[in-house]
Structures are given as structure tokens and as C-alpha cells.
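What follows is a short report on a single structure.
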Ligand SMILES: Cc1cc2nc3c(=O)[nH]c(=O)nc-3n(C[C@H](O)[C@H](O)[C@H](O)COP(=O)(O)O)c2cc1C
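In our numbering, the protein residues as written are 32 to 187.
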């Protein structure tokens with residue numbers, strides 16, 4: 032099945048946008064009809080989509096408030112829902128970042144995502160200088176995850 036898909040994200044530092052673009056591109060290459068949405072500009076009505084991919088960053092232990100607005104849409108319960116996080120913690124402890132930042136929201140809003148994942152976020156330049164690490168992101172991880180989404184949805 033090809034799927035009418037929304038990839039929506041909220042970003043402050045740009046990581047979630049870069050991951051969203053890789054995910055959208057990979058799904059498009061797999062025959063999905065994809066709309067990409069920056070939630071800073073628009074909160075879309077998700078009713079017309081079969082598959083919804085939602086991504087956010089985190090700062091000071093909180094995911095972005097505007098991203099959480101989308102989680103309140105009742106129609107999410109009938110979608111193939113996938114969620115990703117971009118975070119500093121995910122550079123070394125991706126599973127822990129999922130449990131800390133995404134899992135409580137899943138429970139709070141009663142969501143049933145088919146997959147939850149965290150990707151390594153960007154480290155602000157002044158912090159990067161301290162530990163010598165500059166490039167932390169891993170776009171390939173998002174590509175592999177998107178290929179898995181394509182496989183799952185096509186098998187439905
Ligand atoms: C001011 C600030 C606070 C941050 N706080 C956290 C944090 O509490 N936990 C964490 O895992 N990452 C933290 N980070 C790293 C961000 O999650 C990372 O920069 C990520 O790329 C944010 O996503 P975005 O680029 O899509 O906005 C912080 C980054 C900044 C700039």
C-alpha cells in the first residue's frame with residue numbers, strides 16, 4: 032500500500048528539520064505521497080493522512096510545547112503513528128532519551144505509536160568546543176528508520 036503521509040516537526044536548532052527531510056525523502060523514494068510541515072508555521076489537520084511521522088527536539092529536559100499541541104489531536108489514534116526525538120542525550124544513550132522524553136507523553140496522551148526513536152541532536156558550538164566533538168548528527172540512522180516505516184506500512 033502506498034500511503035498519504037505527513038512528516039511534521041518542530042525544531043529550534045535545526046536537527047529535527049534535517050532528520051524530517053531525510054525521512055520525507057526516503058519515504059517519497061519508496062512511493063509514499065509525503066507532505067512535510069514545519070510546525071512553527073502551521074499546525075496541520077492530520078485527518079487526511081494515513082501515516083503521520085512527528086519529530087521534535089528537546090531543551091532543558093522538555094520537548095517543545097508547540098510540538099505537543101499536535102499530540103492532542105484525537106484523530107492520531109487511527110493513524111500509523113511514528114515519533115522521533117533529536118536530543119543531546121541520544122548521542123550516547125538513545126534508548127534512555129526515548130524513555131525520558133517521549134514515553135511520558137505517549138502515556139499522557141494515550142498514543143499508540145508503531146515506533147519511537149531518538150536521533151543524536153546538535154551540540155551548541157560553545158559546548159562542542161569543550162569536548163572537541165563537532166558533528167554529532169547521524170542522518171543515516173533516520174534513513175534506515177524511514178525504510179523500516181516504508182516496509183511496515185507497505186505490509187499493512
Ligand atoms: C539550551 C539547550 C538546552 C538543551 N537541553 C537538553 C536536554 O535537557 N536534554 C538533551 O538531551 N539535549 C538537550 N539539548 C540538546 C538538544 O536536544 C539538541 O541541540 C537538539 O538538536 C535539539 O533539537 P533541534 O535541533 O531540532 O531543536 C539542549 C540544547 C540546547 C541548545
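In this text, a Cβ means the ideal position worked out from N, Cα and C, and glycines have one as well.
*Could you give the residue range of the alpha helix (DSSP H) that holds residue 58?*
46-60
_By the DSSP assignment, the alpha helix (DSSP H) with residue 39 in it spans what residues?_
Note, residue 39: premise wrong, no alpha helix (DSSP H); beta strand (DSSP E) at 35-41.
_Best match in 126, 56, 154 and 74 for proximity to residue 173 [C-alpha to C-alpha]_ = 56
*Closest to residue 92 by CA distance: which of 116, 141 and 140 is it?*
116
*asked:* Using 8 angstroms as the cut-off, can you tell me whether the segment 65-78 makes contact with the segment 120-140, which would need three or more C-beta pairs spanning the two stretches below that distance?
replied: no
*Just the Cα atoms here: how many angstroms apart are residue 94 and residue 45?*
14 angstroms
*So, residue 35 versus residue 58, is the Cβ gap smaller than 8 angstroms?*
no
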